[in-house]
Amino acid sequence: MKIPMLDLAEQYASIKGEVLTELDKVMSSSQFILGSNVKKLEADVAAFSKVEHGIGVANGSDAIHIALEAVGVGAGDEVITTTFTFFATGGAIARANATPVFVDIDPVSYNIDPKLVEAAITDKTKAIIAVHLYGQMADMEALKEIAVKHKIVLIEDAAQAIGAEQNGKIVGELGTAATYSFFPTKNLGAYGDGGMIVTNDDTLAENARIIRVHGSKPKYYHHVLGYNSRLDELQAAVLNVKFPHLKQWTAQRREHASYYTKRLNEKVGAYVTTPIVLEGYYHVFHQYTIRVEKRDELQAYLKEQGVSSMVYYPVPLHLQPVFSNLGYKEGDLPLAEKAAKEALSLPMFPEMKKQQQDYVIAKIEEFYNR
Ligand SMILES: Cc1ncc(COP(=O)(O)O)c(C=O)c1O
388 MKIPMLDLAE QYASIKGEVL TELDKVMSSS QFILGSNVKK LEADVAAFSK
438 VEHGIGVANG SDAIHIALEA VGVGAGDEVI TTTFTFFATG GAIARANATP
488 VFVDIDPVSY NIDPKLVEAA ITDKTKAIIA VHLYGQMADM EALKEIAVKH
538 KIVLIEDAAQ AIGAEQNGKI VGELGTAATY SFFPTKNLGA YGDGGMIVTN
588 DDTLAENARI IRVHGSKPKY YHHVLGYNSR LDELQAAVLN VKFPHLKQWT
638 AQRREHASYY TKRLNEKVGA YVTTPIVLEG YYHVFHQYTI RVEKRDELQA
688 YLKEQGVSSM VYYPVPLHLQ PVFSNLGYKE GDLPLAEKAA KEALSLPMFP
738 EMKKQQQDYV IAKIEEFYNR
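Residue numbers for the sequence shown follow the working numbering, beginning at 388 and rising by one.
Below is the structure:
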């Protein structure tokens with residue numbers, strides 16, 4: 388058997404008729420940029436996130452970068468974020484000419500530790516970016532308290548966590564702004580790149596709308612140095628077809644996660660740490676990530692047996708060569724460094740079959756019983 392990390396072809400088959408109809412409408416209308424599909428998606432995703440504004444942009448990386456620029460982050464500012472994330476989080480800070488300040492994680496949730504955030508605040512700190520890794524929210528309640536106390540901006544990098552909640556508050560509700568990625572593999576994925584900023588802040592929203600069109604308003608009158616970063620109509624049309632399915636697809640992911648956790652704990656609980664859903668949290672399981680010793684050996688064995696798995700992420704941002712100028716060294720953020728050596732994400736997608744999960748579980752069991 389071959390088990391992929393995810394199977395987008397199967398999902399496409401289930402919505403193909405509707406997708407092709409909507410794509411045809413866009414092409415027949417010849418309205419490809421910032422038209423009715425983008426407007427509808429912006430309104431729907433903003434409402435889902437319980438905020439006023441949605442601003443569609445070219446991808447999730449630009450969403451973070453534009454959100455930072457829209458609140459005035461720039462040269463001389465520090466932005467605190469987790470070291471255990473995809474490169475885009477730190478990259479967006481540096482691209483905004485600010486200095487990333489990386490802090491360590493809570494080893495249970497893999498998310499940024501609010502106590503360490505507070506300790507890292509200086510008079511240059513302009514913003515915090517919380518990343519909701521693998522689909523579970525960072526402790527936004529604690530982070531919001533810190534942000535309010537120090538009068539700094541709090542951005543949620545929710546690329547992996549659309550629809551996640553903490554104590555009934557959904558992604559988008561607690562931050563100054565939240566950013567989404569619609570990269571094809573995301574829980575709500577386009578058939579190409581896409582992203583969005585959602586916010587209740589009118590000024591931030593207005594600035595972001597201007598930045599995504601070369602800093603112009605009206606067209607050809609340029610006030611700030613923006614660039615071209617727009618969500619296109621074809622991608623928005625696909626996302627409008629997919630969006631009504633998101634809750635159901637998330638429920639399926641959660642079901643598969645419960646099954647993995649139950650069976651893995653029964654069979655290989657001595658070797659494998661399954662993901663922990665914190666009390667009061669709604670985890671959307673973008674990834675199902677276990678922690679194991681001998682991670683690389685397990686991954687190689689699974690590969691031999693036809694089971695895909697991924698390491699998100701093998702090198703924390705503070706140890707990435709591109710950030711060597713910041714002066715971090717190995718051992719500085721030990722909990723993230725340990726997680727980078729032990730985390731392994733298993734196949735996870737809404738359409739996954741029990742039989743496929745059983746195969747993955749059996750192969751992990753086989754590895755430890757060899
Ligand atoms: C945590 C995180 N932030 C940002 C991004 C960037 O999103 P995009 O690939 O759409 O630029 C991703 C996904 O790739 C991500 O996982």
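C-beta atoms are modelled at their ideal positions from N, C-alpha and C, and glycine is treated no differently.
Checklist entry - What are the partner residues of R678, as DSSP defines its beta bridges? => result T660 and A730
Checklist entry - Is any heavy atom of ligand 1 found at a distance shorter than 7 angstroms from the C-beta of S496? => result no
Checklist entry - At what residues does the beta strand (DSSP E) containing A517 begin and finish? => result T512 to V518
Item to check | Cβ-heavy atom distance, S568 to ligand 1, below 7 angstroms | outcome: yes
Checklist entry - Tell me the DSSP bridge mates of I542? => result I516 and A564
Item to check | Cα-Cα separation between G477 and K649, rounded to whole angstroms | outcome: 35 angstroms
Checklist entry - To which residues of the same chain is Q707 closer than 8 angstroms at the C-beta, ignoring the five residues directly before and after it? => result F474 and G477
Checklist entry - Expressed to the nearest angstrom, what Euclidean distance is found between the alpha-carbon atoms of G555 and G667? => result 8 angstroms
Checklist entry - If you count every other CB in all the chains shown that lies within 10 Å of the CB of R757, and 16 or more means buried, which is it? => result exposed
Item to check | Secondary structure, alpha helix (DSSP H): runs of 4+ residues fully inside the segment 626-656 | outcome: 633-655
Checklist entry - Since Q686 contacts L731 with CB under 8 angstroms, what's their CB separation in whole angstroms? => result 6 angstroms
Checklist entry - Who does Y669 pair with in a DSSP beta bridge? => result E552
Checklist entry - Comparing the CB of V518 with every heavy atom of ligand 1, is any distance shorter than 7 angstroms? => result yes
Item to check | Distance CB(Y567)-CB(A450) smaller than 8 angstroms | outcome: yes
Checklist entry - CA-CA distance, G443 and F672? => result 24 angstroms
Checklist entry - Per DSSP, what kind of secondary structure is E465 in: helix, strand or coil? => result strand
Checklist entry - Can you tell me whether DSSP reads V345 as helix, strand or coil? => result Outside the modelled stretch of the chain, which goes from 388 to 757, sits residue 345, for which no answer is possible.
Checklist entry - Under the rule that 16 or more other beta-carbon atoms within 10 Å means buried, what is V460, buried or exposed? => result buried
Item to check | Inter-residue Cα distance where the pair is A592 and A749 | outcome: 49 angstroms
Checklist entry - Is the beta carbon of G667 within less than 7 angstroms of some heavy atom of ligand 1? => result no
Checklist entry - What's the gap between the Cα of D500 and the Cα of D491? => result 6 angstroms
Item to check | Buried or exposed by the 16-neighbour rule on C-beta atoms within 10 Å, applied to G718 | outcome: exposed
Checklist entry - Using DSSP with H/G/I as helix, E/B as strand and the rest coil, what is I451? => result helix
Checklist entry - So is N574 buried or exposed if we call it buried at 16+ other beta carbons inside 10 Å? => result buried
Next on the checklist: Judging by CA-CA distance, which residue of E429, A445, V747 and F419 is the nearest neighbour of L618?
Outcome noted: A445
Next on the checklist: Following a CB-centred definition, is A454 positioned closer than 7 angstroms to any heavy atom of ligand 1?
Outcome noted: no
Checklist entry - In terms of residue numbering, what span does the alpha helix (DSSP H) encompassing M527 cover? => result M527 to H537
Next on the checklist: Residues in the same chain with beta-carbon distance under 8 angstroms from D745, minus the five sequence neighbours each way, listed in chain order, please.
Outcome noted: R650
Checklist entry - What residues in its chain sit with their C-beta under 7 angstroms from that of T586, if we drop five residues either side in the sequence? => result V438, H440, T563, A564 and A592
Checklist entry - Going by the beta-carbon positions, is the gap between F569 and G550 smaller than 8 angstroms? => result no
Next on the checklist: In the DSSP output, which residue or residues are listed as bridge partners for T844?
Outcome noted: Residue 844 lies beyond the range of the chain shown here (388 to 757); nothing can be said about it.
Next on the checklist: For V709 and K538, what's the separation of their Cα atoms in angstroms?
Outcome noted: 30 angstroms
Checklist entry - Three or more beta-carbon pairs under 8 angstroms between the segment 512-521 and the segment 672-683, yes or no? => result yes
Item to check | T486 in three-state terms, based on DSSP | outcome: strand
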